[in-house]
Each structure stands twice: as structure tokens, then as C-alpha cells.
Amino acid sequence: MGDTMGNTDESGVIPLHGPDGRGPDGHRQRPPHAPQPWEKTDRAQAALEGATGPEPPAPPLCPTCGLVGDRCVTYYGWHVLLEPDLRMPAHRVPPWHRWYVDSDGTAWNSRDDEPAPGAVCRVPHRITCPGLRLQEPGLHHRPPTGDTPPGPSDPLPRAG
Ligand SMILES: [Zn+2]
Numbered sequence: 012m013g014d015t016m017g018n019t020d021e022s023g024v025i026p027l028h029g030p031d032g033r034g035p036d037g038h039r040q041r042p043p044h045a046p047q048p049w050e051k052t053d054r055a056q057a058a059l060e061g062a063t064g065p066e067p068p069a070p071p072l073c074p075t076c077g078l079v080g081d082r083c084v085t086y087y088g089w090h091v092l093l094e095p096d097l098r099m100p101a102h103r104v105p106p107w108h109r110w111y112v113d114s115d116g117t118a119w120n121s122r123d124d125e126p127a128p129g130a131v132c133r134v135p136h137r138i139t140c141p142g143l144r145l146q147e148p149g150l151h152h153r154p155p156t157g158d159t160p161p162g163p164s165d166p167l168p169r170a171g
């Protein structure tokens, strides 16, 4: 902490616009909380890929088990909590859970693309989370096994 730059007011208000940042489009100012047209898509993509990690400034902790994850930002701005220092052969990781981190630290999900032979990927913390199971009720909704649902192949009750 030998930094004596005098900028100790980091928690202060950061000006959003520079004094001379007004260009020809300076009047086109977006309301701060207006829904953006792509927000819904990004949210759906984040949910699909599991990029639902805690967003900064929250600490990169798993909300379920409390372990520290390796939080990376995605190209659509959401954050994913990757399992730290864990690299897996990509073909052993289920589709939609294969993550790659570019050299600038941005993470991306290869979705259901077939991994290249020998490819190594990262995995999201949530598939290794001790507090979560992939077979959560709700993710795979199945009727309880004790209850046999009526199906077309069911034999009709015999009349006799
Ligand atoms: Zn966890």
C-alpha cells in the first residue's frame, strides 16, 4: 500500500460524462434504467449457459455452498462462476457446461458444439457444487416413480 496518488475518494461519484464528451449524438441519451432490447436475450442466454454467478461488486462466492469461484465475465456481460484451477477434457463435460476463457479473461460457452479432439475446457462451479445437484427437481421434471402414469401402451382392464 505504498500508493500515494491522492485518489482516496474512489467511493465517490464517478462522472458519467466528460466535460467535452459531447459529440453530434450528444443529445441521444439513454435513460439509465430503460430495458434494453437485447437484455432479455442475454438473460436467457445467461440462464441457459449458467452464467448466473454473483455479479460484482458481490464477492465471487457460490450462493449455495459459499466456496470461492473463479468469476469470469462473458461476452454478454454476465458473470459465470467457474471452478478454480479445474480443467477437464472437453468431451467428458456435458454440452452447455464447456467453458473457455480467452486471453483477456472473457469466458464463453461452447454450448452443444462438439469439442475438438483433445480440447480442454473449464467447468462451471455449479456442476461441481457440493450444495447443488444437477438433478434438481425443476430441472428435470419427472413424475414420482411410484406412480405409473397412464399411457397408450397400458392394457385395458380385463373384463373378466
Ligand atoms: Zn457451490
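Counting from 12, one number per residue, gives the positions in the sequence shown under our numbering.
For every residue, glycine included, the Cβ atom is placed at its ideal position computed from N, Cα and C.
Hey, is residue i close to ligand 1, as in C-beta under 7 Å from one of its heavy atoms?
| i | result |
| --- | --- |
| Leu143 | yes |
| Thr75 | yes |
| Leu93 | no |
| Cys140 | yes |
| His90 | no |
| Leu78 | yes |
| His136 | yes |
Contact defined as beta carbons within less than 8 Å: I believe residue i pairs with residue j. What is the distance between those atoms, to the nearest angstrom?
| i | j | result |
| --- | --- | --- |
| Val91 | Thr117 | With 8 Å as the limit, Val91 and Thr117 do not qualify as a contact, their Cβ atoms being about 10 Å apart. |
| Ala130 | Ala101 | 4 Å |
| Asp124 | Trp89 | About 20 Å separates the two Cβ atoms, so there is no contact after all. |
| Arg122 | Pro105 | Between Pro105 and Arg122 the Cβ distance is about 11 Å, and since that is not below 8 Å, they are no contact. |
| Val79 | Pro71 | 6 Å |
Would residue i and residue j qualify as a contact pair, given that the criterion is a beta-carbon distance under 8 Å?
| i | j | result |
| --- | --- | --- |
| Cys132 | Cys76 | no |
| Glu50 | Asn120 | no |
| Arg109 | Pro126 | yes |
| Ala57 | Tyr87 | yes |
Within 8 Å, do at least three Cβ pairs link the segment 93-107 to the segment 129-137? yes
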